[in-house]
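Scroll down for the structure; my scribbles are underneath it.
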Amino acid sequence: MNTKVIERVDPARALRKLRAQIRPRTGRVLVGIDGVDGSGKTTFADDLAVLMRECGFTVIRISMDNYLNPQTKRYAQGRFSGKGYFEDSYDYDKFCDEVLEPLGADGSGRYRTAAYDASAECEVCSPWQVAPDDAVVIVDGLFLHRGAWCPKLGRKLWDFSVWLDVAFDEAFRRLAQRDGGSPELDDPVNARHYQGQLLYLSDCDPAQHADLVVDTSGPRVLADD
């Protein structure tokens, strides 16, 4: 198997590169922002959204966390199962039906942004919306390079995809600072996430499949003009 040489760029440079690559495109553009828990996916995706709106694009922001499975499915393999975290966290079928397929280049444009409210642990039905033909769709979430989980679109789900690269120790330190939990990798809750993400890295090698690998180990820096 051919292995590409991976160039890691800083977030500000990555944002500039993406802006330059997206601007000349015609039709809807799907951008996937992937990375481990605590890598800065939401922040990076929001920063890219700001840049693209400044360029005059309609931007649609969607998070995979709005397509979680119910707890009964998420924990079907055990409350602390890393395999379960990797395999059962998200409702990929619904995400494909409501987001990826309709917002793809040949899709209807009729989409939703959420099917589950994690804070209330209940299913929701966000209103149907219609995307313009030239919208930039930016999705952040875990496991976005896991393979052909949307068969109608094939292996290449994203027009552009990003892998945010950060060491697990730093990622869990950030999560502890944000959420008030433990930063230790062997904490039972963290161990589930850690082991699940190790499975993802081993099985799917997201850095090899991403169009851009971004080093997010440092402080946040916005792209300049």
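So the sequence shown is numbered by my numbering: it starts at 542 and just counts up by one.
Glycine included, C-beta positions come from ideal geometry on N, C-alpha and C.
Same chain, Cβ closer than 7 Å to residue i, five either side skipped, listed in chain order
i    : result
S758 : V707, A708 and E711
R733 : F621, S622, G623 and Y626
A659 : D606 and L609
Cutoff 8 Å; reference residue i; Cβ partners in own chain excluding five residues on either side
i    : result
A561 : none
A617 : G625 and D629
Residue burial classification, residue i (beta-carbon count within 10 angstroms, cutoff 16)
i    : result
S580 : buried
G568 : exposed
Q738 : buried
I563 : buried
V600 : buried
A555 : buried
N- and C-terminal bounds of the alpha helix (DSSP H) containing residue i
i    : result
L589 : K582 to E595
I547 : Segment: none, I547 is in no alpha helix (DSSP H) and carries neither H nor E.
F701 : First-last for F701: F701 to D706, but that is the beta strand (DSSP E), not the alpha helix (DSSP H).
First and last residue of the uninterrupted beta strand (DSSP E) at residue i
i    : result
L571 : V570 to G576
G682 : V677 to G682
Y744 : It is Asp, not Tyr, that sits at residue 744 in the sequence shown. Premise fails: D744 lies in the alpha helix (DSSP H), P729 to C745, not in any beta strand (DSSP E).
Cutoff 6 Å; reference residue i; Cβ partners in own chain excluding five residues on either side
i    : result
H686 : D575, C745, P747 and H750
V572 : I679 and F701
V570 : I563, V677 and D700
Test item: CB-CB of residue i and residue j under 8 Å
i    : j    : result
K582 : L753 : no
I724 : F713 : Looking at the sequence provided, one finds Pro at residue 724 rather than Ile. It is a contact, given that the beta carbons lie within the stated cut-off.
Would the segment 653 to 667 count as touching the segment 568 to 578 if we require 3 or more Cβ pairs under 8 Å?
No: the two stretches stay apart, fewer than three of their Cβ pairs being nearer than 8 Å.
Validate contact between the segment 667 to 684 and the segment 620 to 640 using beta carbons, cut 8 Å, 3 pairs
Result yes; three or more Cβ-Cβ pairs closer than 8 Å.
Report yes or no: do three or more beta-carbon pairs, one from the segment 738 to 749 and one from the segment 621 to 632, lie closer than 8 Å?
Segments in contact, yes.
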